[in-house]
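**Student:** Quick one: this structure, given as structure tokens, is what I'll be asking you about.
Residue numbers (the UniProt record's numbering): 1 to 435.
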């Protein structure tokens with residue numbers, strides 16, 4: 001579908017914008033790529049090492065999570081939010097999210113009633129309030145039933161296009177009317193998942209939970225969850241109940257990208273309306289009181305082209321199947337056939353990096369160095385923008401290093417022509433000189 005095509009792609013090739021974007025993306029990601037908490041702290045949160053120590057001491061590293069341990073998931077979610085430029089309170093919420101347990105999982109490493117004061121003293125009152133709210137509201141009902149399922153894909157696309165043209169203060173614009181009908185300016189009231197008491201949520205808090213949900217799903221979701229919830233159509237409507245599905249599944253990328261593009265689009269609309277609201281109030285800080293101030297500015301992540309593209313669920317599924325068949329072909333298909341499959345894959349879903357890197361390797365094998373360099377640059381850029389891997393058989397750090405290495409080799413117009421030569425690959429250019 002044309003609506004899902006990346007405006008910066010050209011027949012499965014990247015462009016010069018990717019090369020220009022990489023230095024700053026790599027600089028921001030380097031502390032996380034190196035696992036250097038001290039450096040990552042210097043880049044955004046000076047207390048990060050001590051916060052992680054608290055999580056370790058609380059046993060987060062011993063608790064299970066869908067893609068590893070709870071500690072791994074918390075660290076990865078925090079990394080994603082930091083790379084997206086989220087305010088400190090939101091990033092810290094990502095680091096401690098679900099630690100009181102929530103409507104999805106039982107992971108109460110801190111007690112929600114007696115442990116709040118302790119957590120507040122560790123991460124600060126704003127972040128702790130977000131963590132508490134995140135853990136006590138029925139998040140699935142709030143995000144999916146009350147918000148997302150009120151929009152069709154085409155409606156989201158139309159409203160994104162209309163919002164990009166909204167330079168005036170016309171509150172009667174259809175996209176603003178619809179948004180405020182499902183998420184009023186004054187926020188919403190949810191019900192506490194344990195007590196049933198009303199819980200007031202400002203609109204920015206809801207937006208922060210949307211942002212965190214995209215980060216949360218992107219870090220953990222594989223085909224295992226598809227099997228659990230019968231997500232064969234990729235719409236993520238949670239209609240199945242296959243509780244006997246065997247963990248961890250096949251490792252095949254999960255069908256989450258379409259649903260998260262919808263959440264990201266809704267987040268973009270909220271952020272756009274929020275900016276217009278502030279302007280309409282002549283920058284009156286009244287709109288930033290209370291929980292609005294806790295969340296701060298609604299920063300828009302770079303994924304999905306700045307959260308402006310909605311990926312069709314069928315396109316997502318077709319793209320994944322093409323990638324999986326190509327990557328698992330084990331030499332049974334000719335290079336041209338594999339290349340065609342990967343080009344079609346990135347054409348149908350241009351928003352994840354790994355198919356671009358697989359394409360880059362095919363092009364390197366064919367000594368098509370300029371095309372390979374462009375595909376590798378696009379793949380690395382997307383991985384750095386996501387802060388997580390889509391094909392979770394390999395870590396995010398592993399995919400980034402592989403993509404950088406292929407980009408280096410393509411720019412030098414060289415690639416091994418033996419199995420031992422491939423095994424010899426490892427050093428990424430410039431890394432040793434940075435030490």
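In this text, a Cβ means the ideal position worked out from N, Cα and C, and glycines have one as well.
#1: For residue 216, I'd like the list of residues in its chain whose CB is within less than 7 Å of its CB, leaving aside the five on either flank, ordered along the chain.
#2: Quick check: the Cα distance between residue 389 and residue 379, rounded to an integer number of angstroms?
#3: I'd like the ranges of any alpha helix (DSSP H) spanning at least 4 consecutive residues and lying wholly in the region 289-357.
#4: Closest to residue 278 by C-alpha separation, out of 267, 265, 296, would be which residue?
#5: I'd like to check one pair, residue 309 with residue 351: are the Cβ atoms closer than 8 Å?
#6: In the structure shown, what three-state DSSP assignment does residue 394 receive?
#7: Three-state secondary structure (DSSP) at residue 68?
#8: Keeping to the same chain, check which residues put their C-beta closer than 7 Å to that of residue 163; ignore five residues upstream and five downstream.
#9: Once you ignore the five residues that flank residue 311 on each side, which residues in its own chain have a CB closer than 8 Å to its CB?
#10: Going by DSSP, what residues sit across from residue 191 in a beta bridge?
#11: Rounded to the nearest angstrom, what separates residue 306 and residue 300 at their Cα positions?
#12: Counting beta carbon pairs with one atom in the region 202-219 and one in the region 124-142, are three or more of them shorter than 8 Å?
#13: Considering residue 159, what are the terminal residues of the alpha helix (DSSP H) in which it resides?
#14: Expressed to the nearest angstrom, what Euclidean distance is found between the alpha-carbon atoms of residue 358 and residue 91?
#15: Per the contact definition of three or more C-beta pairs closer than 8 Å, is the region 421-430 in contact with the region 233-249?
#16: Beta-carbon separation of residue 191 and residue 199 under 8 Å?
#17: For a test of the three-state rule: what should DSSP assign to residue 222, helix, strand or coil?
#18: Could you check if residue 23 is buried or exposed, using at least 16 other CB atoms within 10 Å of its CB as the buried criterion?
#19: With burial defined as no fewer than 16 other Cβ atoms inside 10 Å of the residue's Cβ, what is the status of residue 126: buried or exposed?
#20: Could you tell me the alpha carbon to alpha carbon distance between residue 83 and residue 222, rounded to whole angstroms?
#21: Roughly how many whole angstroms lie between the Cα atoms of residue 189 and residue 201?
#22: Taking the alpha helix (DSSP H) that residue 424 belongs to, which residues open and close that run?
#23: On the DSSP bridge list, what partners appear for residue 446?
#24: In the structure shown, what three-state DSSP assignment does residue 23 receive?
#25: Just mark residue 220 as buried or exposed, buried being the case when its beta carbon has 16 or more other beta carbons within 10 Å.
#26: What residues match up with residue 253 in a beta bridge as DSSP calls it?
#27: When we look at the beta-carbon of residue 106 and count the other beta-carbons within 10 Å, is it buried (16 or more) or exposed?
#28: Give the range of the alpha helix (DSSP H) segment to which residue 122 is assigned.
**Tutor:** By the coordinates alone:
#1: The residue labelled residue 216 in the question sits at position 216 within the chain shown. Correct list, in chain order: 77.
#2: Here residue 389 refers to the residue found at position 389 of the chain shown. Here residue 379 refers to the residue found at position 379 of the chain shown. If you take the alpha carbons of residue 389 and residue 379, they lie about 11 Å apart.
#3: 291-295, 303-307, 313-327, 335-348
#4: Looking up residue 278 in the chain shown gives position 278. Here the closest residue by C-alpha is 296.
#5: Position 351 of the chain shown holds residue 351. Position 309 of the chain shown holds residue 309. Yes.
#6: For the purposes of this step, residue 394 is taken as residue 394 along the chain shown, with counting starting at 1. Of the three classes helix, strand and coil, the one that applies to residue 394 here is coil, per DSSP.
#7: Translated into positions along the chain shown, residue 68 becomes position 68. Looking at residue 68 - three-state DSSP - the assignment turns out to be strand.
#8: For the purposes of this step, residue 163 is taken as residue 163 along the chain shown, with counting starting at 1. Hits under 7 Å: 175, 269, 272.
#9: Taking the first residue of the chain shown as 1, we reach residue 311 at position 311. Hits under 8 Å: 4, 257, 258, 261, 304, 349, 351.
#10: Position 191 of the chain shown, counted from the first residue, corresponds to residue 191. Beta-bridge pairing links residue 191 to 198.
#11: By 1-based counting over the chain shown, the position of residue 306 is 306. By 1-based counting over the chain shown, the position of residue 300 is 300. If I take the Cα positions, the gap works out to 6 Å.
#12: yes
#13: Sequence index remark: in the chain shown, residue 159 carries index 159 (1-based). Per DSSP, residue 159 belongs to the alpha helix (DSSP H) from 153-164.
#14: Here residue 358 corresponds to residue number 358 of the chain shown, with the count starting at 1. Here residue 91 corresponds to residue number 91 of the chain shown, with the count starting at 1. Each residue's alpha carbon lies about 32 Å from the other.
#15: no
#16: For the purposes of this step, residue 191 is taken as the residue at position 191 of the chain shown. For the purposes of this step, residue 199 is taken as the residue at position 199 of the chain shown. Result yes, Cβ atoms of residue 191 and residue 199 sit closer than 8 Å.
#17: Counted from its first residue, the chain shown places residue 222 at position 222. Note: residue 222 maps to strand in three-state DSSP.
#18: As a first step, residue 23 must be located in the chain shown, where it is residue number 23. Classification for residue 23: exposed.
#19: Looking up residue 126 in the chain shown gives position 126. Counting Cβ neighbours within 10 Å, residue 126 comes out buried, since at least 16 surround it.
#20: Position 83 of the chain shown, counted from the start, is the residue given in the question as residue 83. Position 222 of the chain shown, counted from the start, is the residue given in the question as residue 222. When rounded, the distance between both Cα atoms is 22 Å.
#21: Walking along the chain shown from the start, residue 189 turns up at place 189. Walking along the chain shown from the start, residue 201 turns up at place 201. Taking the straight line from one Cα to the other gives about 6 Å.
#22: The residue labelled residue 424 in the question sits at position 424 within the chain shown. Run containing residue 424: 419-424, per the alpha helix (DSSP H) assignment.
#23: Residue 446 is absent from the model: the chain starts at 1 and stops at 435.
#24: Counting from 1 along the chain shown, the entry for residue 23 is found at position 23. In the structure shown, residue 23 sits in a helix (DSSP, three-state: H, G or I).
#25: Along the chain shown, read from residue 1 onward, the residue named residue 220 stands at position 220. Buried is the call here.
#26: One-based indexing of the chain shown puts residue 253 at position 253. Beta-bridge pairing links residue 253 to 222.
#27: One-based indexing of the chain shown puts residue 106 at position 106. Exposed, because fewer than 16 other Cβ atoms sit within 10 Å of the Cβ of residue 106.
#28: The residue labelled residue 122 in the question sits at position 122 within the chain shown. Note, residue 122: alpha helix (DSSP H), 116-123.
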